[in-house]
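There are 2 protein chains.
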Amino acid sequence: MDVDTVQLDQGSGGRATHELVEGLFVSAFRNEYLEEMNDSALVSVGPGRVAVTTDSYVVDPIVFPGGNIGSLAVHGTINDLAMRGATPLYLTAGFIIEEGLSLETLRMIVLSMAEAAIEAGVFIVAGDTKVVHRGKADKIFINTSGIGIVPDGIDISGRNARAGDVVLINGTIGDHGMAVLCKREGLAFENEIRSDSAALNRLVHSMLEVFPGIHVLRDPTRGGVATTLNEIASQSAAGIRLFEEALPVRDDVAGACEILGLDPLYVANEGKLLACVPPDAEEPLLRVMRAHPLGRQACRIGEVVEHDAGRVFLRTRIGGHRLVDMLRGEQLPRIC
Amino acid sequence: MDVDTVQLDQGSGGRATHELVEGLFVSAFRNEYLEEMNDSALVSVGPGRVAVTTDSYVVDPIVFPGGNIGSLAVHGTINDLAMRGATPLYLTAGFIIEEGLSLETLRMIVLSMAEAAIEAGVFIVAGDTKVVHRGKADKIFINTSGIGIVPDGIDISGRNARAGDVVLINGTIGDHGMAVLCKREGLAFENEIRSDSAALNRLVHSMLEVFPGIHVLRDPTRGGVATTLNEIASQSAAGIRLFEEALPVRDDVAGACEILGLDPLYVANEGKLLACVPPDAEEPLLRVMRAHPLGRQACRIGEVVEHDAGRVFLRTRIGGHRLVDMLRGEQLPRIC
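Residue numbers (the numbering used here), protein chains in the order written: chain R, 3 to 338; chain V, 3 to 338.
Next comes the structure, spelled out in C-alpha cells:
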C-alpha cells in the first residue's frame, strides 16, 4: 500500500478514516467541539440573528501564489458571513478527495485551513471526509459552511443600496483570478501576481464600529466587480455608475488581462469588498479602511443613482458611458 | 449549445448561474431565507445549544432503489443533527456538478431534496453551485450542512454509554448499502432491495418525548453497525455485546451479502439509529418506536457491559463470542 497518498479506505468510515481524521484533521483544527467526535458539534451562538452560508471550492490549481484551496475555503466562507455584518464563529469542512492525492499536500492544505481559521478567530467544529476513485474528482474539493452572529442594529443586504450612496472598495481588483490563471497557464511576469485571498471579518468589524449603518457589503468573487454590482443594482432596484479612472488595478494585473483579453471588472477577487454607504459615511469609512492592512488602497469607485434601475454603467476616462452587464459565458472556470 | 445539460458557465457566478439558481434551486427550495439572495442567510434559532454538522455525498450510482443522492443528502444531514437530540432547522446545499450532467437529472435530484426537506420540516436556506469540466468530477457531488437546536435537559453523546444500558435499533440492517451495491453491480434479486434512506428526526422526537434521558444515539452509516458501535465503545470506554440472533436482517439483504461475501454488520444504513438507554427505558422506547413508520421492527440487539472497554463482541447463535472490529479496508466505496 502506498502510504504517502490518500487511499480509498480512508473514506470508508472505518479504521483508516478514523486514523486520518484523528491524526490530521482533529489535531490540526484542535478545539473542544471537534474533539467530541460526535455526529454534530454542539456550539453556543449567543443572542442575535444567526447568519448561515455555504461554499464549495474547486479551484485549479489547488496551490497558487498567495494561497491554496484550504486557506481560500476558510477565507471565502468567512467573507460571506462578514458581508452580512456577522461576526463569524464556526465553520464546518467537507472534503472530497481523489484517491492518490499526496498526503503531504493534504496536510499542507489542512494546516493552511487551521492557520486561516486561527487568524480570523473562528473554530472549525465539524468535518467530513470522502475519498473517490482516481479520475472521479480532481485532487481535492472542499466545502466550508459557516455560522456567525449579526449584532443588533446591523442591517446589511444587497437590497439596501439607495440613490445617493457611494460605492467603496478596499483595494485593487482582479488579483485572485489573475494569480490563479497565470499559475494555471504557466504565464510568468516580472513580479508574480499574488491572490488577494484574505479574511475580511476584522476589516468589516472596524468599519461597523465607525459606521454601523452600512447599507450593502458584498465580496466580488466569481464574476468579479461587474457581476456583483449588477446583483446589487438588481436587488435594490437602483442604478450604479462606476468611474473608470477610479478603479484600482495593479499594473501587472492590467497587463496580464490585456494580453489574455480579459476585463478586470469580471475577474474574481477573494479579499475585496464592495460597500454602498451614505455619502457622509465615505470619509470616516475610508479613513478606517486605509488604516487596516487589507484596506490601504481603499477608495470610492462609483455611486448609486436613481435612474437606470437594475443596471450598472461605467463612465469611461473620456467621459462616455457603457453598460456593464453581468458576466456572460465563462471566462475563467474553477477560479475558486 | 446543449441546453439539456449543465454547462460550465452555469458555475461562473454570472448570468447563467443566476438563471440556474433562480430557475431551479430557489424555486424548488422556496423560502424567505433563500429568496433574499444574499451571501449568507439570516435565520433565528431561538434559545438553546446549537448543533452543527456537515456531510458530503458522493454516492454512485446517483439514483438507487429507494432514493437518490439528493434525498440522501437531506436525510443524512438531518440524521446527524437528530443523533444529538437536536431539532433540525436549517440546511445548506453545496453542489459540485460535472459539465454535461443532464438538466433533467439535476432537476429530479433538486426536487427530491426539496420534498425531503419539507417532509422533515427543515428549510434549505443557503446554497452554492460549482461546475467543473467533464471528467473532473463524477456527475454530481452534494454537500449539506445543518443546524439544529438541542432542547434543555437533553444530553446525548457517543461518550454516554453506561454498563447496563441496552442497545436498541429501529429496524433491519444493511438495506442502504446493499441497495446501492446491487444497483451499481447490476445484481437482480426476486424483490428489489430498497435503501432505507429516511429522516429520523420525527422518530427521535417521539423517543425523547417518552424518555428524554437517552444516553447515546448514532446512525450506523459508512462502516455499518459494527463500526458505529466500536466508536461508541471507544468514546464511552465501555464494552458492547451484540446478540447475533437478535440482529434484524432482511432475507434478501442476507442473501445478497452471502453471495458477495459481505457482513451486514459492516454495510451502511441511512435510516437506522442505534440507541443506548438504561434498561428500564427499553420497553417504553420500543413501544413508541414500533408505533412509528420508521421503527416497526425496532428491537434490542445488545447491551453495554463493564468489561472489555472499547471493544464490541458478538455472541453467536451457538453461544460463542467473536470480536467485532471497526471496518478495515474499504468494501463498498462511494456508498453515501
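Even for Gly, the Cβ is constructed at its ideal location relative to N, Cα and C. Computed from a predicted model, the values in this text were never measured in an experiment.
Checklist line | Coarse secondary structure for Ile234 of chain R, derived from DSSP in three states | finding: For the purposes of this step, residue 234 of chain R is taken as the residue at position 232 of the first sequence. Helix.
Check: Of the residues that make up the stretch 117-132 of chain R, which ones have a beta carbon closer than 9 Å to any beta carbon in chain V?
Finding: Within the stretch 117-132 of chain R, contact with chain V at the beta-carbon level (separation under 9 Å) is assigned to Val127, Ala128, Gly129, Asp130, Thr131, Lys132.
Notebook entry, point to check: For the putative contact between Asp253 of chain V and Thr56 of chain R, defined by C-beta atoms under 8 Å, what is the C-beta separation to the nearest angstrom?
Noted result: As a working note, residue 253 of chain V is residue 251 in the second sequence. As a working note, residue 56 of chain R is residue 54 in the first sequence. That pair is no contact at about 41 Å.
Note to self: Quick check on Asn145 of chain R: does DSSP put it in helix, strand or coil?
What the structure shows: As a first step, residue 145 of chain R is located in the first sequence; it is residue number 143 there, counting from the start. Three-state result, Asn145 of chain R: strand.
Next item on the list: Figure out for me which residue from R:Asp198, R:Glu308, R:Arg313, R:Val133 has the closest Cα to the Cα of Val60 of chain V.
Entry: For the purposes of this step, residue 60 of chain V is identified with residue 58 of the second sequence, where counting begins at 1. It is R:Val133.
Next item on the list: Output yes if chain R places a C-beta closer than 8 Å to the C-beta of Asp177 of chain V; else output no.
Entry: Numbered from its first residue, the second sequence carries residue 177 of chain V at position 175. No, no contact with chain R.
Notebook entry, point to check: Of all the options V:Gly257, V:Arg204, V:Asp154, which has the alpha carbon lying nearest to the alpha carbon of Glu194 of chain V?
Noted result: Residue 194 of chain V sits at position 192 when you count from the first residue of the second sequence. Measuring from the Cα of Glu194 of chain V, the nearest candidate turns out to be V:Gly257.
Check: Where does His207 of chain V sit, in a helix, a strand or coil, going by DSSP?
Finding: Taking the second sequence and counting its residues from 1, the one referred to as residue 207 of chain V is at position 205. Helix.
Check: Of all the CB atoms in chain V, is at least one closer than 8 Å to the CB of Ala311 of chain R?
Finding: Along the first sequence, read from residue 1 onward, the residue named residue 311 of chain R stands at position 309. Ala311 of chain R does not count as touching chain V.
Next item on the list: Would you give the residue range spanned by the alpha helix (DSSP H) that Tyr268 of chain V belongs to?
Entry: As a first step, residue 268 of chain V must be located in the second sequence, where it is residue number 266. Counting along the chain, Tyr268 of chain V falls outside any alpha helix (DSSP H), and DSSP gives it neither H nor E.
Next item on the list: Would you mind working out which of R:Val52, R:Ala84, R:Val124, R:Glu117 sits nearest Tyr35 of chain R, comparing C-alpha positions?
Entry: The residue given as residue 35 of chain R occupies position 33 in the first sequence. If we check each option's Cα against that of Tyr35 of chain R, R:Val124 comes out closest.
Check: Thinking C-alpha only, which one of V:Val112, V:Arg324, V:Thr318, V:Val306 is nearest Ala165 of chain V?
Finding: Along the second sequence, one-based indexing puts residue 165 of chain V at 163. For the set V:Val112, V:Arg324, V:Thr318, V:Val306, the Cα lying nearest the Cα of Ala165 of chain V is the one of V:Val306.
Note to self: Quick test of the definition: if touching needs 3 or more C-beta pairs under 8 Å, does the stretch 139-151 of chain R touch the stretch 168-176 of chain V?
What the structure shows: Segments in contact, no.
Next item on the list: Assess, as a yes-or-no matter, whether the stretch 292-304 of chain R is touched by the stretch 20-33 of chain V under the definition of 3 or more beta carbon pairs within less than 8 Å.
Entry: Too few Cβ pairs lie closer than 8 Å, so no.
Next item on the list: Please go through the same chain and pick out, in chain order, the residues whose beta-carbon is closer than 7 Å to the beta-carbon of Val47 of chain V, but skip the five residues on each side of it.
Entry: Working through the second sequence from its first residue, we reach residue 47 of chain V at position 45. So the list reads Leu91, Ile149, Ile151, once near-sequence residues are dropped.
Next item on the list: Tell me, please, whether the stretch 154-165 of chain V touches the stretch 83-97 of chain R by the rule of three or more beta-carbon pairs shorter than 8 Å.
Entry: No: the two stretches stay apart, fewer than three of their Cβ pairs being nearer than 8 Å.
Next item on the list: Could you tell me whether any Cβ in chain R is nearer than 8 Å to the Cβ of Thr56 of chain V?
Entry: Translated into the one-based positions of the second sequence, residue 56 of chain V becomes position 54. Contact of Thr56 of chain V with chain R is assigned, a C-beta pair being separated by under 8 Å.
Margin query: Using a Cβ-Cβ cutoff of 8 Å, what residues of the stretch 65-89 of chain V are near chain R? List them in chain order.
Written below: Contact annotation: in the stretch 65-89 of chain V, residues whose CB is within less than 8 Å of a CB in chain R are Asn81, Asp82, Leu83, Met85, Arg86, Ala88.
Margin query: Please list the terminal residues of the continuous alpha helix (DSSP H) segment that includes Leu22 of chain V.
Written below: As a working mapping, residue 22 of chain V is identified with position 20 in the second sequence. According to the DSSP assignment, Leu22 of chain V belongs to the alpha helix (DSSP H) that extends over 17-22.
Checklist line | Neighbouring residues, chain V, relative to Ser46 of chain R (Cβ below 8 Å) | finding: Here the question's residue 46 of chain R lines up with position 44 in the first sequence. Here the neighbours are Arg51, Val52.
Check: Which value, in whole angstroms, describes the spacing of the CA atoms of Ala190 of chain R and Asp140 of chain V?
Finding: Position 188 of the first sequence, counted from the first residue, corresponds to residue 190 of chain R. Position 138 of the second sequence, counted from the first residue, corresponds to residue 140 of chain V. It is roughly 33 Å from the alpha-carbon of Ala190 of chain R to the alpha-carbon of Asp140 of chain V.
Checklist line | Alpha-carbon spacing of Glu192 of chain V relative to Val255 of chain V, whole angstroms | finding: Locating residue 192 of chain V in the second sequence gives position 190, counting from the first residue. Locating residue 255 of chain V in the second sequence gives position 253, counting from the first residue. Straight across, the Cα-Cα distance linking Glu192 of chain V with Val255 of chain V is about 12 Å.
Next item on the list: Just tell me which of R:Glu37, R:Pro67, R:Arg324 has its CA closest to the CA of His178 of chain R.
Entry: Taking the first residue of the first sequence as 1, we reach residue 178 of chain R at position 176. The shortest C-alpha separation from His178 of chain R is found at R:Pro67.
Check: What are the start and end residues of the alpha helix (DSSP H) that includes Val290 of chain V?
Finding: Locating residue 290 of chain V in the second sequence gives position 288, counting from the first residue. Val290 of chain V: member of the alpha helix (DSSP H) spanning 284-292, first to last residue.
Notebook entry, point to check: Would you say His20 of chain V reaches chain R, if we count a Cβ-Cβ gap shorter than 8 Å as a contact?
Noted result: As a working note, residue 20 of chain V is residue 18 in the second sequence. For His20 of chain V, the closest Cβ of chain R is nearer than 8 Å.
Check: Hey, is the stretch 200-213 of chain V in contact with the stretch 104-124 of chain V, meaning 3+ C-beta pairs nearer than 8 Å?
Finding: Yes: the two stretches touch, three or more of their Cβ pairs being nearer than 8 Å.
Next item on the list: Since I believe Leu287 of chain V is in contact with Leu209 of chain V (beta carbons under 8 Å), could you give me their beta-carbon distance rounded to a whole number of angstroms?
Entry: By 1-based counting over the second sequence, the position of residue 209 of chain V is 207. By 1-based counting over the second sequence, the position of residue 287 of chain V is 285. Here residue 209 of chain V is Met; the residue named in the question, Leu, does not match the sequence. Separation of the CB atoms of Met209 of chain V and Leu287 of chain V is rounded to 6 Å, and the pair is thereby assigned contact status at 8 Å.
Item checked: Segments assigned alpha helix (DSSP H), at least 4 residues, entirely inside the stretch 57-100 of chain V -> Taking 4 residues as the shortest admissible run, the stretch 57-100 of chain V contains the following complete alpha helix (DSSP H) segments, listed from N- to C-terminal end: 71-84.
Margin query: I'd like to know if Glu332 of chain R contacts chain V, where contact means its C-beta is closer than 8 Å to some C-beta of that chain.
Written below: Taking the first residue of the first sequence as position 1, residue 332 of chain R is located at position 330. True, the Cβ-Cβ gap to chain V drops below 8 Å.
Notebook entry, point to check: Who are Cys259 of chain R's beta bridge partners in DSSP?
Noted result: As a position in the first sequence, residue 259 of chain R is number 257, starting the count at 1. Per DSSP, Cys259 of chain R has no beta bridge partner at all.
Checklist line | chain V residues whose Cβ lies nearer than 8 Å to that of Thr94 of chain R | finding: The count along the first sequence starts at 1 and reaches residue 94 of chain R at position 92. Here the neighbours are Val54, Thr55, Thr56, Ser147.
Next item on the list: Go through the stretch 32-60 of chain R residue by residue and report every complete run of the beta strand (DSSP E) that reaches 3 residues or more, in order.
Entry: Counting whole runs of 3 or more residues, the stretch 32-60 of chain R contains the beta strand (DSSP E) stretches 43-45, 51-59.
Next item on the list: Compare the C-beta of Met342 of chain V with all C-beta atoms of chain R and state if any pair is closer than 8 Å.
Entry: In the structure as shown, chain V begins at 3 and stops at 338. Residue 342 of chain V is therefore absent and cannot be evaluated.
Check: How big is the Cα-Cα spacing for Asn145 of chain V and Glu187 of chain R?
Finding: What you label residue 145 of chain V is simply residue 143 of the second sequence in a count that begins at 1. What you label residue 187 of chain R is simply residue 185 of the first sequence in a count that begins at 1. C-alpha of Asn145 of chain V to C-alpha of Glu187 of chain R: approximately 30 Å in a straight line.
Checklist line | For Leu276 of chain R: DSSP bridge partner residues | finding: Taking the first sequence and counting its residues from 1, the one referred to as residue 276 of chain R is at position 274. DSSP output for Leu276 of chain R lists R:Ile171, R:Arg220 as bridge partner(s).
Notebook entry, point to check: Would you call the stretch 258-271 of chain V and the stretch 221-232 of chain V touching, i.e. three or more CB-CB distances under 8 Å?
Noted result: They touch, by the three-pair rule.
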